[in-house]
Amino acid sequence: MAYLLLYVDDIILTASSTKILRHFITAMSREFAMTDLGRLHHFLGIEVAYTRDGMFLNQHQYASDILHRANMDNCKPSLTPADTNSKLSADIGDLLPDGTLYRSLAGALQYLTITRPDIAYAVQQVCLFMHAPREPHFNYLKRILRYLKGTSDHGLHLSPSKSVKLTAYSDADWGGCPDSRRSTSGYCVFLGDNLISWSSKRQPTISRSSAEAEYRGVANTAAELTWLRNLLLELHVPITQASIIYCDNISATYLSQNPVQHQRTKHVEIDIHFVREKVRLGSIRVLHVPADYQYADIFTKGLPKHLFYRFKDSLCIRPATALTAGDY
Numbered sequence: 007m008a009y010l011l012l013y014v015d016d017i018i019l020t021a022s023s024t025k026i027l028r029h030f031i032t033a034m035s036r037e038f039a040m041t042d043l044g045r046l047h048h049f050l051g052i053e054v055a056y057t058r059d060g061m062f063l064n065q066h067q068y069a070s071d072i073l074h075r076a077n078m079d080n081c082k083p084s085l086t087p088a089d090t091n092s093k094l095s096a097d098i099g100d101l102l103p104d105g106t107l108y109r110s111l112a113g114a115l116q117y118l119t120i121t122r123p124d125i126a127y128a129v130q131q132v133c134l135f136m137h138a139p140r141e142p143h144f145n146y147l148k149r150i151l152r153y154l155k156g157t158s159d160h161g162l163h164l165s166p167s168k169s170v171k172l173t174a175y176s177d178a179d180w181g182g183c184p185d186s187r188r189s190t191s192g193y194c195v196f197l198g199d200n201l202i203s204w205s206s207k208r209q210p211t212i213s214r215s216s217a218e219a220e221y222r223g224v225a226n227t228a229a230e231l232t233w234l235r236n237l238l239l240e241l242h243v244p245i246t247q248a249s250i251i252y253c254d255n256i257s258a259t260y261l262s263q264n265p266v267q268h269q270r271t272k273h274v275e276i277d278i279h280f281v282r283e284k285v286r287l288g289s290i291r292v293l294h295v296p297a298d299y300q301y302a303d304i305f306t307k308g309l310p311k312h313l314f315y316r317f318k319d320s321l322c323i324r325p326a327t328a329l330t331a332g333d334y
């Protein structure tokens, strides 16, 4: 088995054996002008380091470039990317005379979330106001940069795992937007012990209850799990057992299993049928988890320092100095 990951003219190749890999590279080289750069170390701005127990993905240089572009190379570090009370509004504060730098930095931070899920929520918040950024929005963005100043060497750690079980955590912040009262939903998906997918996104419609907001989040997570299960099947890694979605809202958990259509949930009927069908087919299970162990909280709201760092560690985000062991 051989896999090829292609982005324009950058390619990553891997195979089930060195012999197959060599044969595949030789065959490709006959058809295309290629340069074999050896073991993977760098791909699209993502640095790859090898540790004693896996791989470490980070964008240290990219983060440093963002800080330099913002002229914040020597800024005072912040402990978290967002405080617990920050709710940005579209109408509060003075408009920036020129939003070019704001948009440039916000877009750059979006790409940084590829290896830094711990800033996903904060970046999602600042990206909501690219069309008309104001002073409070820019101050919020600067806090993210100050957080990066102290954690620029952090990245995502991936380790070998015998388990191919998919486990997800889903959460929603009901009515968190002060302008539209729309909710923010977030999820994270683990393959074995490794984080492979995450999201922080404002929901497109207003939810009438916290259960509805949470359930819409579960539906989004179920869609992501369905896609991942199909992708793994195409990669000849079939998932034979049900994928678990952990949700901290008991009502949303019950709705995923209860076949009775309630009067108060008619307007979310499509999402309910989608999740229930997956539960009925046995591909997905929705279980309750206490709020203290709801890792997806980090994608829906600003958290206290102690909780933020505990969840951040659970998402396999580590500093490079604690993990890397050089090339071997």
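Position in the sequence shown (from 1) plus 6 gives the number in the numbering used here. All residues carry an ideal CB built from backbone N, CA and C; glycine is no exception. All values derive from a computational prediction rather than experimental measurement.
- Query: Rounded to a whole number of angstroms, what is the C-alpha to C-alpha distance between proline 296 and asparagine 255?
  - Reply: 9 Å
- Task: Tell me, please, whether the stretch 275 to 293 touches the stretch 308 to 324 by the rule of three or more beta-carbon pairs shorter than 8 Å.
- Result: no
- Kindly list the residues whose CB is nearer than 8 Å to the CB of alanine 331, restricted to its own chain and excluding five residues on each side of it in sequence; keep chain order. Its pLDDT being 48, under 50, alanine 331 is placed unreliably by the model, and the measurement read from it follows with that caveat. Cβ neighbours of alanine 331 beyond the five flanking positions: Tyr56, Thr57, Arg58.
- Message: In chain order, what are the residue ranges of uninterrupted beta strand (DSSP E) at least 3 long that sit wholly in the stretch 233 to 312?
- Response: 249 to 253, 290 to 294
- Can you tell which of Val285, Met7, His29, Leu43 has its C-alpha closest to the C-alpha of alanine 260? The amino acid occupying residue 260 in the given sequence is tyrosine; alanine does not appear at that position. Nearest C-alpha to tyrosine 260: Val285.
- Message: At the level of alpha carbons, what is the spacing between asparagine 226 and valine 243?
- Response: 23 Å
- Task: Look up alanine 112 in the DSSP assignment and say whether it is helix, strand or coil.
- Result: helix
- Query: Can you name, in chain order, every residue of its own chain whose Cβ lies under 7 Å from the Cβ of phenylalanine 49, other than the five neighbours on each side?
  - Reply: Asp16, Ile18
- Item | Neighbourhood of tyrosine 221 by C-beta distance below 6 Å, restricted to the same chain and skipping five residues each side | Ala258, Leu261
- State buried or exposed for alanine 76, treating a residue as buried only when at least 16 other CB atoms are found within 10 Å of its CB. buried
- Specify, as a first and last residue, the run of the alpha helix (DSSP H) that leucine 154 falls within. 141 to 157
- Message: Tell me the rounded alpha-carbon separation between isoleucine 120 and alanine 69.
- Response: 12 Å
- Would you mind stating whether leucine 197 and isoleucine 250 have Cβ atoms separated by less than 8 Å? no
- Item | Bridge partners - valine 14, DSSP secondary structure assignment | Answer is none; valine 14 lacks a bridge partner.
- Whole-Å CB distance - arginine 214 paired with cysteine 183, under 8 Å assumed: Not really, about 15 Å apart at Cβ, beyond 8 Å.
- Message: Determine whether the beta carbon atoms of glycine 192 and aspartate 177 lie at a separation below 8 Å.
- Response: yes
- Task: Could you tell me whether the Cβ atoms of leucine 164 and methionine 61 are closer together than 8 Å?
- Result: yes
- Could I get the ranges of all uninterrupted alpha helix (DSSP H) runs contained in the stretch 54 to 129, with 4 residues as the minimum, in chain order? 66 to 75, 106 to 118
- Query: Hey, leucine 162 and leucine 63 are a contact pair by Cβ (cut 8 Å); roughly how many whole angstroms apart?
  - Reply: 5 Å
- Give the DSSP-derived three-state secondary structure of aspartate 319 in the structure shown. helix
- Query: tyrosine 108 and phenylalanine 144: beta carbons closer than 8 Å?
  - Reply: yes
- When you compare only the Cα positions, how much space is there between leucine 73 and threonine 190? 27 Å
- Whose C-alpha, out of Arg235, Leu102, Asp179, is nearest the C-alpha of glycine 223? Asp179
- Item | glutamine 247 classed as buried or exposed, judged by whether at least 16 other C-beta atoms fall within 10 angstroms | exposed
- Message: Determine whether the beta carbon atoms of tyrosine 153 and valine 132 lie at a separation below 8 Å.
- Response: no
- Kindly indicate which residue of Ile125, Ser22, Leu172 has the alpha-carbon position closest to the one of arginine 149. Ile125
- State the DSSP-derived secondary structure class of glycine 51, mapped to helix, strand or coil. coil
- tyrosine 127 to lysine 307 span [Cα, whole Å]: 7 Å
- Message: For isoleucine 26, count the other beta carbons within 10 Å of its own beta carbon; 16 or more makes it buried, fewer makes it exposed. Which is it?
- Response: exposed
- With histidine 163 as the anchor, note down where its beta strand (DSSP E) starts and where it stops. 160 to 164
- Item | Residue from Trp204, Thr106, Asn80, His137 with nearest C-alpha to isoleucine 323 | Trp204
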